[in-house]
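Per my numbering, residue 3 is the first one in the sequence shown, and the count goes up by one each step.
Working notes, beginning with the structure itself.
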Amino acid sequence: MPQTQTAAQPAQERSPSTTRNVLVVVALVWTVQLVALMAALSGIAQAEVAIHFQTTDIAWFTLMTLLTGTFFLPFAVKAAALFGKKKVLLLATGLGFVGDLIAAVATDYRTLLIGRGIAGVYAATAPLAYAITRDIFPRRWVGLASGILAGGVGLVAFGGPFLSGWLLDDYGFRGVLWFMAISTAVSFALVAVFVPESPVRERGGRMDWTGGLLLGGAVTAIVYAVGQGSHWGWSSGKFAAYIVGALIALVAFVFVERRVAEPLFPLSMTGRRQVWTVLLATSVAAGSLSAVGVVIQMLILMPKIPGVSEGLGWSGTHNAIVTSPISAMIIIAAVGTGWLARRLDARVLLGAGSTLTVLGYGIGTQLHHSAPQIVGMGLIAGLGTGIVMAIVPIMIIEAVTPEEQALANGAQTLGQGVAQIVVSQVAFVVMAQHGAVMHGTQFYLDTGFTNGLWLVVGCCALGALLVLLIPRSKRLDEAEVGQAA
3 MPQTQTAAQP
13 AQERSPSTTR
23 NVLVVVALVW
33 TVQLVALMAA
43 LSGIAQAEVA
53 IHFQTTDIAW
63 FTLMTLLTGT
73 FFLPFAVKAA
83 ALFGKKKVLL
93 LATGLGFVGD
103 LIAAVATDYR
113 TLLIGRGIAG
123 VYAATAPLAY
133 AITRDIFPRR
143 WVGLASGILA
153 GGVGLVAFGG
163 PFLSGWLLDD
173 YGFRGVLWFM
183 AISTAVSFAL
193 VAVFVPESPV
203 RERGGRMDWT
213 GGLLLGGAVT
223 AIVYAVGQGS
233 HWGWSSGKFA
243 AYIVGALIAL
253 VAFVFVERRV
263 AEPLFPLSMT
273 GRRQVWTVLL
283 ATSVAAGSLS
293 AVGVVIQMLI
303 LMPKIPGVSE
313 GLGWSGTHNA
323 IVTSPISAMI
333 IIAAVGTGWL
343 ARRLDARVLL
353 GAGSTLTVLG
363 YGIGTQLHHS
373 APQIVGMGLI
383 AGLGTGIVMA
393 IVPIMIIEAV
403 TPEEQALANG
413 AQTLGQGVAQ
423 IVVSQVAFVV
433 MAQHGAVMHG
443 TQFYLDTGFT
453 NGLWLVVGCC
463 ALGALLVLLI
473 PRSKRLDEAE
483 VGQAA
């Protein structure tokens, strides 16, 4: 559906003050990086949450936000095109705050999960923030603003563990949950006050409710089935029914998207080899790395109890100190990748980054019992992680037209979220095969952590192999020249 500028003057021709532009960038950086920070905070808090609520289903503490965020994302992207990106940003942020508040005051695990599920809607803000950047800044600011938004991951990578450790050690998991709620409220205020509405709209568009429900239902069914598979039995009829139902829903989704006038993700875009191969490879590679925290954080923060739990039992602060070199490596790799992407084929960078993560976590399957071993594993894997995370948005820019940018970002975020959910859920299942339940809490033995790392290694290797499917496209500098023309 064609888009139109509803404002009297095109966004690219406006010349707002530098101060105003800086404030808008700050608001959007806070919004985007809060998504990553929330993931880091929840990851470091999950061990203490599991022990406090005496639950064997701690996987859902993280997965509930991923699940609802993934389900809501297609609707958010389409609604932003129809009604305005700022309006949808505020809606997602407001719902995120409500969910965080419910989780912070929850006195039982079920209520906590309900709050976490509602808070997951906030995940839709990241692709919308990237998309609105192109619409509201003068042309000379677009590249700079987008780079700052992406580069902010370095602050989260380095500062996140220290913030998490301080909150967890001094205030417990409640402190972490309250920090999430307060930060989301600040995000809402910054967007409301400083971010202007995008003038870009779809003319006469309509929401594809059927397609969205089919896609969201399929993803939900798969995740729930994988999570319950060990309880139901992997060969049980119930497990098979959920998986078959999900596959039918996905087939129906493709059928609907081919026939509706305004699909959530047009097949004219996603059907091109250049696009679907990039979406597939980046989703698997980045999604697998996003899921590795499930294994690493449990390994580091779970207590050491002979015969029951073989975690390292570190404090949050000790974890931050030991992993700070790894965070620094991620930042260095991300910055270097932005420079290299103008000179090298992005496929080479994605393949190299994924290969380094395979090597790093492969070493970690055998050496993960002390601080030096964690650092050694992390430096190699961190280098690869920084490359992969930095090259993903660049590959999307290279693969699609400017008009398709928001939809492509949404599709990639959706695919990455699905991969992260599935890998995370399977990781918990794999680790639990070699663990023990004590006082209602699931603990893990060393073999469980080892097998969890092997799962990550396999998924990262798959991401590296999928790079071979991607045809060559213009490099970033060539794509920018083409877009400017």
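Each residue gets a CB set at the ideal place from its N, CA and C atoms; glycine is no exception.
All figures in this text were calculated on a predicted structure; none of them were measured in a lab.
Taking all protein chains in view, the Cβ of His233 is surrounded by fewer than 16 other Cβ atoms within 10 Å, so the residue is classified as exposed.
The three-state reading of DSSP puts Ala343 in coil, since its state is none of H, G, I, E or B. Bridge partners of Met440 according to DSSP: Thr443. The count of Cβ pairs closer than 8 Å, one atom from the segment 249 to 264 and one from the segment 449 to 461, stays below three, leaving the stretches out of contact. DSSP, read as helix, strand or coil, puts Glu312 in strand. Sequence-distant partners of Ser311 (beyond 5 residues in either direction) whose C-beta falls short of 7 Å from its own C-beta, in its chain, are Met304, Pro305, Phe445 and Tyr446. The beta carbon of Val294 lies closer than 6 Å to those of Val458 in the same chain, with the five residues before and after it left out.
Between Ala29 and Val193, the CB-CB gap stays under 8 Å.
The C-alpha of Pro473 is placed about 37 Å away from the C-alpha of Leu369. DSSP places Val296 in the helix class (H, G or I) of the three-state scheme. Straight across, the Cα-Cα distance linking Ala413 with Phe267 is about 7 Å.
Of the residues assessed, Ile307 falls on the exposed side of the cut-off, its CB having fewer than 16 other CB atoms within 10 angstroms. Around the beta-carbon of Gln299, 16 or more other beta-carbon atoms lie within 10 Å, marking it buried. Taking a cut-off of 8 Å for Cβ pairs, the segment 314 to 327 and the segment 59 to 73 do not touch, as fewer than three such pairs fall below it. The segment 177 to 188 makes contact with the segment 99 to 115; the number of CB pairs closer than 8 Å reaches 3 or more.
Judged by their CB atoms, Gln56 and His441 are nearer to each other than the 8 Å cut-off. Counting along the chain, His233 sits inside the alpha helix (DSSP H) bounded by residues Trp211 to Trp234. Pro374 sits exposed, since fewer than 16 C-beta atoms from the chains shown fall within 10 Å of its C-beta.
Judged by DSSP secondary structure, Arg208 falls outside any alpha helix (DSSP H); it is assigned neither H nor E.
The beta carbons of Thr415 and His436 sit no closer together than 8 Å. At the C-beta level, Ile423 and Val280 stay beyond 8 Å of one another. Between the beta-carbon of Leu291 and that of Thr387 there is about 5 Å, and that keeps the pair under the 8 Å contact cut.
Sequence-distant partners of Ala128 (beyond 5 residues in either direction) whose C-beta falls short of 7 Å from its own C-beta, in its chain, are Val34, Val37 and Thr415. Taking the Cα of Gly177 as reference, the smallest distance to any Cα among Met331, Leu84, Val51 and Val27 is reached at Val51. Residue state for Ile60 is assigned as coil, using DSSP reduced to three classes. Excluding residues up to 5 positions away in sequence, Asp171 lie with their Cβ nearer than 6 Å to the Cβ of Ser317 in the same chain. Excluding five sequence positions before and after Gly465, the CB atoms of its chain that fall closer than 7 Å to its own CB belong to Ala283, Val286, Ala287, Ser290 and Ser356, given in chain order.
With distances taken between CA atoms, Leu216 lies nearest to Ile250 out of Asn23, Ala126, Ile250 and Gly380. With a beta-carbon spacing of about 13 Å, Gly364 and Gly380 fall beyond the 8 Å limit used to define contacts. Put simply, of Lys87, Leu25, Tyr111 and Lys88 the residue whose alpha carbon is nearest the alpha carbon of Trp62 is Tyr111.
Only residues of its own chain outside the window of five on either side were considered, and among them Trp32, Thr33, Leu36 and Thr95 have a CB closer than 7 Å to the CB of Ser189, listed in chain order.
Gly247 and Gly239 have their C-alpha atoms roughly 12 Å apart. The alpha-carbon separation between Arg349 and Met391 amounts to approximately 13 Å.
For the 8 Å CB-CB criterion, Ile53 and Thr339 do not form a contact. Relative to the Cα of Leu65, the nearest Cα in the group Asn23, Pro395, Ile46 and Arg118 belongs to Arg118.
Judged by DSSP in its simplified three-state form, Val197 adopts coil rather than helix or strand.
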